[in-house]
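Only one structure is covered here, and it is reproduced in the block below.
See the structure below:
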């Protein structure tokens, strides 16, 4: 495959076949199409830009390494990267638990915003802080479902759960979030 043929009509599977033959131009197009997905997942799960970049790079490197054995007709590149990025984040979160007793620091919003935008940003920060306190797999379920807009079946597959177990996990996460946010709201009124 030559570079001029690489355009938006070429399927991911065709590009992966070429990448498996070590065609760097084909893989570059795959990266351009999909690099934001693992970064977004990692940033939301880990809350750190540098770590998110590392996870995204690691996920893409693994995709390159696995390109020669890529099987067309599977769940696709986007789903594969979602699963790998989520698992890399869960691994990092587990390691954090064993290496640090400190809480994850809160990020300050440095942008100057209008009043309405400040309220929206505060709500988002409160939600993000509440999500960050969830157990790792519950956090992953919330991020995959609400931020990455994955179906329950796809998210269940990413977390290696059957659909019923995933829905139960997601329900526990929602219940915990509702409780945390209600407590925060009560504290704000006191």
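In my numbering, the protein residues as written are 60 to 249.
Just so you know, even glycine gets a beta-carbon here, dropped at the ideal spot from N, CA and C.
Is it buried or exposed, residue 244, if we count other Cβ atoms within 10 angstroms and call 16 or more buried? When all chains shown are included, residue 244 counts as exposed.
Taking its Cβ as the centre, do 16 or more other Cβ atoms sit within 10 Å of residue 209, making it buried, or is it exposed? The residue is buried, with at least 16 neighbouring Cβ atoms inside 10 Å.
Just confirm the distance between the C-beta atoms of residue 108 and residue 102, as a whole number of angstroms; I'd bet it's less than 8 Å. The Cβ separation is near 7 Å, so the contact holds.
May I ask you to verify whether the region 182-202 touches the region 139-152, counting CB pairs closer than 8 Å and requiring at least 3? Touching, per the Cβ criterion.
Identify, in the order they occur along the chain, each residue of the same chain with its Cβ nearer than 6 Å to the Cβ of residue 286, setting aside the five sequence neighbours on each side. Outside the shown range of the chain, which is 60 to 249, sits residue 286, and nothing can be said about it.
According to DSSP, is residue 97 helix, strand or coil? In the structure shown, residue 97 sits in a helix (DSSP, three-state: H, G or I).
With 16 other CB atoms within 10 Å as the buried threshold, where does residue 143 fall? Buried, since its Cβ has 16 or more Cβ neighbours within 10 Å.
Could you check where the alpha helix (DSSP H) with residue 123 kicks off and where it finishes? Boundaries of the alpha helix (DSSP H) harbouring residue 123: 108-125, taken from the DSSP string.
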